[in-house]
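Novice: Residue numbers (full-length UniProt numbering), protein chains in the order written: chain A, 1 to 299; chain B, 1 to 299; chain C, 1 to 299; chain D, 1 to 299; chain E, 1 to 299; chain F, 1 to 299.
Let me give you the structure first, and then I'll get to my questions.
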């Protein structure tokens, strides 16, 4: 197997647009956006590769100020480092690239905020994150359990993301929030395991607050599959699942997370060309805006 | 008037795709899907003819397992018998074809689950159903009353569907749920008649439960015009009407129906090309998945 | 069978937009546009009903002046009388309406320029035209022969248009130009009959000129199915057929027709919602502009 | 600076379609629709110029009867006067045209219901309204504060609409309802000023009722930027903002307004081509239907 | 490396639609369609995976009769065997699957007509074809040279297709027709090598006839990348390249090929969702119709 | 009137993507791209403001090598300086900004290649160009004459572009090539004046060669309105006009220009969102690629 040979920041592709308010250089920034335009294992509707550029372009449609958090991106030093070109037909090598890229960010003291691309990129990110944060806890916002062991013979499919993460995560702590689709055995596993928060309609934020009580200060990583949202507000995703969540539900989650120690996040599965109205990209940009603020605030 | 000459199952067109988990043959199946790609009287935006193929294709985007009912399509024997080609410019002959097709299903001991096409197909279906189930009760989920006597001189328009059904239904029992658009006289008729449940926001399922209490065991047929849903979750329909319902509302309806005797159903008015995001077709497929399970469970 | 009861001009629906340069009234006009938003028998992709409104709206994207004919719509008195609402599920009654509407135009000394809608409307129009012009000759620009005797049992399908016209046309003279799709027997009929011009690539206009030589002064009616054009310039049509014609080919046809006696025309099968770029509607509007000028010039 | 020279009703462009149930003439009408297809300062996604024609065309997809108000458009005399052509590159002159047009309506005793176009048109309308109604109160339904003093050097941008209105409104009374996006200073101004209702989720109608209590009988003007709605129900707008409102919220607002004295309104920022499903235009048409009824009822 | 374990025809997925006129079984058929919905290495715009289903569905929009060849699909026994599910993230294993599937067809005496999917699938097909036909000659219709040795480190990218084919093709005979895009070194290679036909505008068919003269009777395989066509007639492809060919150019190519021994073909790179008008899929279906006829005719 | 206060290169907005092969800095570059996302006077279909970003993003879909010119962008030093934010509602001030921006490029010894935006931007560019090149000759590729004196009272509409250029161009030499739409008086002016090349189908390049013979070495500026192309290859433009030109026609024009002294160019009126297939943007990018090469080659 070929190995990725990313070595420094100059290897990122910065020919594209940048997120509203970001800087192209990394001076004194504490948070960095990185796009990973990869959708190589997506089995239903591809196009998550266009997520990073759509989010960046449509970010100019919202304000830099967030009334909920009463913060302004213009007061925050963060960088948008560009995107990572990956070898689309080779899932293993791609994850290698992503791990290396995450490492480079961490070595430069940049909290990673990765924009997918499909969900499987999280496997590569987490592999690097846990070397810095061995007691990491993961939060998953998602419509799907992603706990399959394989998909058509592949272990690196986006349908296996959380299974792979569980295998390498030392703490084995993953809170799965809002899951509403999966196989019978995935639901059995989620229900039986003490690791998981059950999906209780309208009560996600409260349950999460309860669950996180005993983990104050622990490093937390959020992996956000945008199909957690209801298809009506997020039609631009590969596998929309009816019966999802709305902005108010996410706002409540933010309120919980802001008193915890968020050290990184990814936002995945925006497939912008599926939604020509653009409301999906704008929602994703608003999510990113919140997460930049949360990452900047945390220790 | 020419008469339809459908005689047996071999007359259905099976060149198209089939619903996830279905079989092409009818061995021991108790439930059968049948597509009716007809939109000949639709007066505003045509395209419901593409409903059956879109629902079948997009069914592969959801799982076979339903967490709410804790059932899996893979454990259910059901068939997808294909679609019925109809003479689009001749409404009367078309309804004749549909009646005959429904009869063929019933004679083969297959509970019909018909995918429209426009709402007027229900007239043809009911005509056959009531010969097998003379004490039939109908449930209508719909945004529109569909109680007009005629539309531009035509008695078989989709705007007259429930009027025609009322005329031939021996029990005269139709529960109209969620209606929010109609003429003044249609609303008067719905309000005055004891036959109808009033439209009470957020209380549909509870009212339905109450209404059905005295009808335990009676054969029930569900006609589901998908524009009952809010346009935000179901934009792909001919006449979207603001102020509709969401997945949770339908889940509550399922919970009521599952303790009753559902013997057939149709799901109509998906016009998939109007919604290029595909969320409408996926929602319709999830509705169909639930109904297959309800039909298989019932006596 | 119900009969249409159109009696006078006030029965047309004029709630919609009008063609660039037209007047809403009929004072002294010699030419009249009439929309027929009917697509009731279309078997593949419906939407021709939206043709009239799209052509009217997009007509404002071109100029009133035509450099080829050196004429300006602003110097021509023509009216746009609105559209005819038809009972979509009843092909027979619909054609009745169309015949009556054509009669009303003729009685008001207005040369008809009918905007479809699907091709079958021509059957209704011709039925009235030949009472005024018994020695009528027809020109057909089309990709398809339309010579089937029936389609799924229906004799009034748009696939049977020219067959029906041939049956009622006293002269039996129809020049079919540019046909490139049909059944084997349709091609046999076209090739064997002396009635038809063969389809010779790039030579249509010249062959037409030759064919029309002996018919100077005879009343000519043009039925123009827009799928005659290549799908690249006219994607917005129900059954696009590769290998079609371009604007220059039509300009050459105009040059031939302008020295003959055009007494009416229809332009059918624009299905504008299939082409979100709008180039199909604009091309149709430019065709209409030419035909208004040709009709105004002729005796 | 050139001055607009609109003088009478004959100067409006009436080549387009009209709203369902409207009349082209103004006999005895008390309410008049007027389209203003202007989007000249829009900074993100243009296309609001297509609002008036889309609302008119799609109005035929809903009924004339409103079950909430138990009123029918067919019982109301209102006119649709057509649209105002404006010089797109010249914001100042455009507002002049709009003021003059509003004046013409008022002089003809027609309550204005103006369909945008972008939000900046309100500045021109209000300028004329306050000469007739010096004690006017404004209601603003909007996602954005629109209180900027300028945008890229322009004082007439749609982002400055309410700032300009405040400057000329004698009463200085503007109730801003549902605002969820703006700069930090805009939110400060809204929060500090007694002029504004705070944005309280789900409580808008109740707060409005309270706020209007002391203003019974005072003339009220409603400016409705359709991005107040959630992007899921109103994707067809230039700057959709996640976290908005639904039909039920608007229905509650109607219930409050109907016991007050509405003397005019505008509905702006529909950009219909952004939403090919058409649900945005249909929602806008239903809003217009309600407002025609409210305007006709009020003194 | 995992190995594909396809063994017999029952392993193909036949849940989807079939091509017009095809049979689901393989009795006595000499030609077989097979879909390969793979677009795993595509670097610009994915979606070729949807090619097979779009071509099948839209095939019903054209006739079974071809006037150019004077043949009718209804007189030809051919089968549509369904599609091959492939592991999208693993290019090597995918090609293995494709080779095995091709072998199965050959062993069943079925001439393969493979519908892509992206161009790289040709590598897998050819690998099997040359074991049956060691003196095979290839024809390539394409806009791009596809002669790169690698793309972002991958040797199995669709940009390397012809390079890989050249390496394994014993005869080294590939006629590359219509190439108009590539690197400088690709053009150098094409120009210098005697293996290649130069791209001469409008003269492709004549040059091909000349080139094939000395190869009468030799087995010929056609690989047809649909971006050979001009983007105006084939917009639905991943990397459209201005300056391409039209239907008449392909008709001329058919005329040359029909007197040669075509033993297999693939038609790749249709990306149907990029072209909502559907003209790309219909053109592809018409190409397929021609190729079925050519394959059936050849020895 | 406010005055633009652009002073140096740092004032350009460089948050967006850059053209394939370009550099963000200006070191030793001789050619510079600049985007002007302005469509403020466009009267029919807006959206040309999205031209610059679409051309940049889609440039990655073509190669850097041009087989016709046998040149490679990778061997050319050119910069992409970003885009110019303009005050959309104020045409006069906008043109001022554009003049100043052009001046800055010229002072930095960068040959301007401006990407529109609508055609009126040419007025601002030419105003600066002629101070450096008083004997400038203009070439116009366009479907429309653009010789109106005003449009709805505005002198700066894109319909007046060439009229305004003529007024300020000292040489009065403008070659208008391919014009096929205009008013009667515009055609009269073009035909009568010796300044203009007549529009002769298929002979444009030859006529241009003839016309330019006596101007060897004279500075030439090309203004390219992309609606010169046929709508089938360039649907993504505001006012597509049937009967246009193809890639081969442009390639012939390039062959003429390459032996002349091109000192600047603009490419305007791409409205990319009108064409979701992307073929319009890709064609525009290929045009830009050619022009970069021509500008780099010229003295």
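Think of the CB as a built atom: it goes at the ideal place given N, C-alpha and C, for glycine as much as any other residue.
In this text, all values refer to a predicted model and were calculated from it rather than measured experimentally.
Going straight from the alpha carbon of residue 91 of chain F to that of residue 54 of chain F, what length do you get?
Specialist: In a straight line, the C-alpha of residue 91 of chain F is about 23 Å away from that of residue 54 of chain F.
Novice: Verify whether the separation of the beta carbon atoms of residue 80 of chain E and residue 19 of chain E is less than 7 Å.
Specialist: Yes, Cβ-Cβ distance for residue 80 of chain E and residue 19 of chain E is below 7 Å.
Novice: Terminal residues of the continuous beta strand (DSSP E) containing residue 102 of chain B?
Specialist: Looking at the DSSP string, residue 102 of chain B is not in any beta strand (DSSP E); the run it does join, the alpha helix (DSSP H), is 91-107.
Novice: Let me know the secondary structure DSSP gives residue 138 of chain C once reduced to three states.
Specialist: DSSP places residue 138 of chain C in strand when its eight states are reduced to three.
Novice: When the Cβ atoms of the segment 248-266 of chain C are set against those of the segment 21-40 of chain D, are three or more pairs found closer than 8 Å?
Specialist: The segment 248-266 of chain C vs the segment 21-40 of chain D: no contact.
Novice: With 16 as the cutoff for other CB atoms within 10 Å, does residue 168 of chain B come out buried or exposed?
Specialist: Result: exposed.
Novice: Have a look at residue 136 of chain B and residue 171 of chain B and give me their C-alpha separation to the nearest angstrom.
Specialist: Straight-line Cα distance between these residues: approximately 7 Å.
Novice: Ordered along the chain, which non-local residues of its own chain (more than five positions away) have a Cβ less than 7 Å from that of residue 269 of chain F?
Specialist: Same-chain partners within the cutoff: 48, 116, 118, 119, 225, 226, 227, 237, 238.
Novice: Please list the partners that residue 41 of chain A has in chain E, where partner means a Cβ-to-Cβ separation under 7 Å.
Specialist: Under the 7 Å cutoff, chain E gives 88, 89.
Novice: Let me know if residue 68 of chain D comes out buried or exposed under the rule of 16 or more other beta-carbons within 10 Å of its beta-carbon.
Specialist: By the neighbour-count rule (16 or more Cβ atoms within 10 Å), residue 68 of chain D is not buried but exposed.
Novice: Would you list the one or two residues that DSSP bridges to residue 154 of chain A?
Specialist: BP columns for residue 154 of chain A point to A:151.
Novice: Looking only at its chain, what residues have a beta carbon closer than 8 Å to the beta carbon of residue 30 of chain B, apart from the 5 residues adjacent to it on each side?
Specialist: Same-chain partners within the cutoff: 77, 78, 109, 110, 111, 295, 296.
Novice: Please list the terminal residues of the continuous alpha helix (DSSP H) segment that includes residue 70 of chain D.
Specialist: Note, residue 70 of chain D: premise wrong, no alpha helix (DSSP H); not H, not E.
Novice: Just to confirm my understanding: we take residue 44 of chain A, look at its own chain, exclude 5 residues before and 5 after, and list those with CB closer than 7 Å. What are they?
Specialist: Hits under 7 Å: 238, 239.
Novice: Using a C-beta to C-beta distance shorter than 8 Å, which residues of chain E count as neighbours of residue 156 of chain A?
Specialist: Those are 89, listed as they occur along chain E.
Novice: If you drop the 5 nearest sequence neighbours on each side, which residues of the same chain put their C-beta closer than 8 Å to that of residue 152 of chain E?
Specialist: Around residue 152 of chain E: 43.
Novice: State whether the segment 181-194 of chain F contacts the segment 126-146 of chain F, with contact taken as three or more CB pairs (one from each stretch) at a distance under 8 Å.
Specialist: A contact exists between the segment 181-194 of chain F and the segment 126-146 of chain F.
Novice: Does any residue of chain D bring its CB to less than 7 Å from the CB of residue 15 of chain C?
Specialist: Yes, contact with chain D.
Novice: Have a look at D:125, D:33, D:244 and flag the residue whose alpha-carbon is nearest the alpha-carbon of residue 83 of chain D.
Specialist: Selected option, being the one with the closest Cα: D:33.
Novice: Could you tell me which chain G residues have their CB closer than 7 Å to the CB of residue 170 of chain A, listed as they occur along the chain?
Specialist: Of the protein chains in the structure, A, B, C, D, E and F, none is chain G.
Novice: Of all the options B:36, B:253, B:64, B:28, which has the alpha carbon lying nearest to the alpha carbon of residue 282 of chain B?
Specialist: Selected option, being the one with the closest Cα: B:64.
Novice: Give a yes or no on whether the C-beta atoms belonging to residue 165 of chain F and residue 126 of chain F are separated by under 7 Å.
Specialist: Result yes, Cβ atoms of residue 165 of chain F and residue 126 of chain F sit closer than 7 Å.
Novice: Any beta carbon from chain C within less than 7 Å of residue 174 of chain D's own beta carbon?
Specialist: Residue 174 of chain D does not count as touching chain C.
Novice: At a CB-CB cut-off below 9 Å, which residues of chain A make contact with residue 276 of chain D?
Specialist: 276, 277, listed in chain order.
Novice: Which residues in chain C have a C-beta closer than 7 Å to the C-beta of residue 224 of chain F? List them in chain order.
Specialist: What residue 224 of chain F touches in chain C: nothing, since even the nearest Cβ is about 19 Å away.
Novice: Which runs of the beta strand (DSSP E) at least 3 residues long sit entirely within the segment 236-294 of chain B? Give them in chain order.
Specialist: DSSP runs (the beta strand (DSSP E)) wholly in the segment 236-294 of chain B: 261-268.
Novice: Are residue 242 of chain E and residue 280 of chain E closer than 7 Å when you measure CB to CB?
Specialist: Result no, Cβ atoms of residue 242 of chain E and residue 280 of chain E do not sit closer than 7 Å.
Novice: With respect to the beta strand (DSSP E) encompassing residue 52 of chain A, which residues constitute its N-terminal and C-terminal limits?
Specialist: First-last for residue 52 of chain A: 51-58, but that is the alpha helix (DSSP H), not the beta strand (DSSP E).
Novice: Is there at least one Cβ from chain D nearer than 7 Å to residue 18 of chain C's Cβ?
Specialist: True, the Cβ-Cβ gap to chain D drops below 7 Å.
Novice: How big is the Cα-Cα spacing for residue 284 of chain E and residue 274 of chain F?
Specialist: The straight-line gap from Cα to Cα measures roughly 24 Å.
Novice: Can you tell me where the alpha helix (DSSP H) with residue 32 of chain B in it begins and where it stops?
Specialist: Premise fails: residue 32 of chain B lies in the beta strand (DSSP E), 31-36, not in any alpha helix (DSSP H).
Novice: Quick one: is residue 37 of chain B near chain D, going by C-beta distance under 7 Å?
Specialist: So no, residue 37 of chain B is outside the interface.
Novice: Cα separation between residue 178 of chain B and residue 249 of chain D?
Specialist: Rounded to whole angstroms, residue 178 of chain B to residue 249 of chain D spans 18 Å at the Cα level.
Novice: Tell me whether residue 181 of chain F sits in a helix, a strand or coil according to DSSP, three-state version.
Specialist: Residue 181 of chain F falls in the strand class under three-state DSSP.
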